[in-house]
Every structure is written in structure tokens, then in C-alpha cells.
Amino acid sequence: MAKKTASKSKTAGKKARTATKTGARKGAAAKPARKAAAGKSARPRRPSGPIWQWSAVATAAAIRSGAISAVETVEAHLERMRAVNPKLNAVVVDLSEEALKAAHAADKQRAKGAALGLLHGVPITIKENVDYEGRPNFNGVPANKGLIAPSDAPVVRNLKKAGAIVIGLTNTPEFSFRGFTDNPLHGLTLNPWDPDITCGGSSGGAGSAVAAGIGTIAHGNDIGGSLRWPAHCNGVATIKPTQGRIPAFNASATAERPMLAHLMSAQGPLARHVADVRLALEAMSQRDPRDPWWVPAPLVGEMPKRPIKVALAKIPDDMDVDPSVAAALRQAADHLERSGYRVSEVEVPDIDGVWQTWCDIITNETVVMQEAGMLKVTSEDFHKAWGGMKAKANVLDLKGWMQATAARNGHIRAWQLFFEDYPVVLAPTTVKPTPGPREDAVSAERVREIFWGEIRFISAINVLGLPGAVVPVALHDGKPIGVQLIAGRYREDLALDAAAAIEKRAGVLAHRLWERMG
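Below, the structure is given as C-alpha cells:
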């Protein structure tokens, strides 16, 4: 490409000199020729392909340069939503009218030469479990119709400040407490790859929507895997940030969240490209005084000594690993090796104990603070799913609770010391093929199998408060498989760098999905 460009420049230079000499002899104007050439080179270029298929990075650049308007961009995504969402049921609140008004305002702002945010004019979706001003925060529960948001949640406010345009709100299970997205209010959300497998949860609507091309970025949140599990199921990328990275607060809530639930939960983005996840993370991470746990940590830290050592996590003997998952992990490790990383299979610090600490803390806290109220207003499916999770937890008295929270500190310390030697951990999202869309409502035993036997490496990370990225690696029987990259506190950059290295070689799986969808 460099040689061709140089050749074209020489040719253009000869033509310009010839035109100047001819003009001097015949009185022809040489200046217009130069202006035309300059105008041609400065003309904004649109990315190739349908607008709704563009990445968030490409979309933001095209709008900023004037290659496309925000209105045209939003209209394309709304058309895509109308085409595919009736089958998927991923977006459950259509904000088309509001989005088009915002798009017109965005174009006027650009025309005036005003400062533009990172996501100016970029269409996104928001999960329907955070406050969206003037609307009920249903969180999958019909009884929550009276919880009208008086203001936008911090993550929504930050995305809007960055110029993003919300085109819809996405589905979530009741109280966002299941790993499968279904509820009595909006119904079941389907996976765009295959209706016979789950889209995951609790950010299942978000994952399904962005994979199918509805919005360039989908907001979600994660207290036990609710960003990373849907990313795996739908073949997209995500980052569960370190707790405190992205501010969180719902003014519609009737009470403050208990401490450990807040410390183990994180807001975050899902997107088809790792670069889009990184861009959204920056926009979401701005300060909001309503969250006392927000931390002004830099998004990029000191680079570890190269080659960066990656620990391929040894999987406990009691986890039955499907051959397709083992192959995907080996493939991801190979991609990292070929990108300059040094990968070694290593046992990570007490993943079993970490998971049990997560299960004990979140379950006992929920029993004391929320269980009675939740069971009064939820479905039988919710009761089955919650009962299965509860059955795996140890019942804690006050002393036991204090010991569990103290154990959490020890687990975090052990992992932080581990990262001194291995700055990144490569681990599975699940060790089994993606299950059916309502499989957690089968029995309490099936719930235990899923959370303990299959996605142990996802939920365990929440109690540590560590950042974890997921990136798709391969398809098996036409269904996506993703892997998880875990890094030290506030080192989302290291997790995303590794995810990007894998994506560069594995490709963006959504392109194959769209070929299938037509």
C-alpha cells in the first residue's frame, strides 16, 4: 500500500506541474485543479457494509467526520431492530421516537462546531435494570411498575454525556437473579445463533441485541457472571470491570444495596469488537458523586515485563470439560503465543474456595435483606432457580458471615500476589456446551450443576472484584465459544489487550452470524 501511495503522489505531482506550465502558456487556471484534488482527498469516507454492521469505533469516526449523519445511523439501527427483534425479544422497550429526536439534536450540535463526545451519535442499548429517567425500573418484575426513575443512573448519564443515543432497553430475568433471560413481564429472550440455547443472563437481552446488530454497544451488569456469560452465549466481547471502575446507583431503589452485593457487582459494556468494549469502558467510567465506591483509577497502567506471562488455569478434576471447550482454550492459548505472550498451564489460587465464598456471601446477604420480598412477587421458575443457588450455600450466623468476609480478603490477596508472576489468567467461561433457554428452571440440582460444575470460573471472579474480559474464539456445532481473560485490580487494559490479540486471529464471530441470519 505504501508503494502504491507513493507512486500515485509522484503521478499527481507531474500532472500538477504540467497543468501549471500549460496554464502559464495558454492562460488556463491551474488553481482550481489543485483545489479539486484537495477536496477529493478531504472527502469523508464511509465504512463498507450496512450501517448497522459497523463497529462503534467506525460509527463514531464516520459521524464525527461528516461521512454520515447521526439521524441516518440511528434510522439504520432502528430498521435492523424492527427486522430482527420481534423474533428475538431482546429489546423490550422501544425508544425509537426519543432516539430520533436525540439524533437530530446530535447533528445540529456537530453542525455548530460544538465539542463532541467519544460516542457522539452512536446507537446503543441499556439493560432494563438501571434507572432510565421517567421510566419504571422493572428489572423483570411486573410488581416494580411503581419504581419510576427520577434520574438516569450514573452509567446511563455517562453514556449520554459521551453522545451515545439509546434506541431501546433490553430484557433481563426477574431481579436480574438468573443466568437465563426470561420473566413474566416480557417473556423469553432468544439467542440469535440458535433458539434452542440460552442467550445467557442476566444481561441476556443485551447480548442477544448487540450480536444481532441492534446497537453498536449494549450496556449490562454483572454480579455473578451477568456480562461474561451472555457474551459467551451470544459470541460477543465484554469486560466486567474492577468494582469501583464504573459508578452505579439507582435513585428509584427503596433501600440501599447491602455492602457485599455492591462490592461484587459491576456495570459494563458488551460489543462485537474488543475495541468497542474499550471505547465504551472509557465513556462509562466517568465520575458520578452518587457512588461512594467509585475510584478514579487510570484506564492504562504500567506495562509488565515482556513477554507477558499468561496462566492457562488448570481446571479442577471434578469439572467435566467438554472437548470443544478444551480445544477452544488451546486455540486461545495458541493465539496469545503467536502474539508474543508466554502461556503456561498453572493452578490458580483456590478457585473452589473462592467460588464457595462468593456463593455463601451473596446467598446469605440476599436471604437476610431481600428474599422474603422477592419471593412474594416472582414466578415459580424464579423460585426454582433461586432455590438451586441457595442449596449450594452454607448457612451463616453472624460469626460465619464475618469469617466469610474476612476470607474474601485473603482470596483477593492471594490472587494479587499471583498476578505478580502471571499478569493475565486465561480461563474458561463454561466447561460445557451452552444449555437450553430455561434450563435453570428444571431442578435445583441442575442449577447447582450449572453454577458449580460449569461456570465456576465466571462467578468466582465477582467476589474478588477483579476485571474479567470475554472474547469469542470459535464455533462448535454452529454455536459460539468464548474464553475469559482475568487481570489484577484496575488492569482492565491487560485483560482487553489479551482479548484483542485473540480476536485479531480468531476474527469477529458476529459476521458469521449475520450471514446465517440473512
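The number in the working numbering is simply the position in the sequence shown, starting from 1, with 601 added.
Just so you know, even glycine gets a beta-carbon here, dropped at the ideal spot from N, CA and C.
Owing to the predicted nature of the structure, the values given are computational and were not obtained by experimental measurement.
- For residue 674, there is no enclosing beta strand (DSSP E); the enclosing alpha helix (DSSP H) has its first and last residue at 671-689.
- With fewer than 16 other Cβ atoms inside 10 Å of its own Cβ, residue 1112 counts as exposed.
- Measuring C-alpha to C-alpha distances from residue 873 to each of 644, 1117 and 1100 identifies 1100 as the nearest.
- By the Cβ criterion, the stretch 801-812 is in contact with the stretch 820-828, since at least three pairs of Cβ atoms, one from each stretch, lie closer than 8 Å.
- A Cβ-Cβ separation of about 21 Å leaves residue 877 out of contact with residue 790 under the 8 Å criterion.
- In this structure, residue 1068 places its C-beta atom within 8 Å of the C-beta atom of residue 1096.
- Pairing residue 807 with residue 726 gives a Cβ-Cβ distance under 8 Å.
- Restricting attention to 1090, 1115, 1103 and 771, the CA atom closest to the CA of residue 842 is found in 1090.
- In this structure residue 761 is buried. Its beta-carbon is surrounded by 16 or more other beta-carbon atoms within 10 angstroms.
- Around the C-beta of residue 894, fewer than 16 other C-beta atoms lie within 10 Å, and the residue is accordingly described as exposed.
- Between residue 839 and residue 1109 a beta carbon distance of about 14 Å is seen, past the 8 Å cut, so the two are scored as non-contacting.
- Sequence-distant partners of residue 845 (beyond 5 residues in either direction) whose C-beta falls short of 7 Å from its own C-beta, in its chain, are 894, 895 and 896.
- Inter-segment contact for the stretch 778-793 and the stretch 965-983 is present: three or more beta-carbon pairs are separated by less than 8 Å.
- Secondary structure note for residue 1081: its beta strand (DSSP E) is the uninterrupted segment 1080-1088.
- Residue 645 and residue 1035 have their C-alpha atoms spaced approximately 43 Å apart.
- Contiguous beta strand (DSSP E) elements confined to the stretch 1001-1051 occur at 1025-1029, taking only those with 3 or more residues.
- With a cutoff of 8 Å on beta-carbon distance, residue 812 and residue 836 are scored as near each other.
- Residue 750 is not a Cβ neighbour of residue 729, given a cutoff of 8 Å.
- The straight-line gap separating the alpha-carbon atoms of residue 940 and residue 1102 is approximately 6 Å.
- In summary, residue 758 is buried, with 16 or more beta-carbon neighbours lying within 10 Å of its beta-carbon over all protein chains present.
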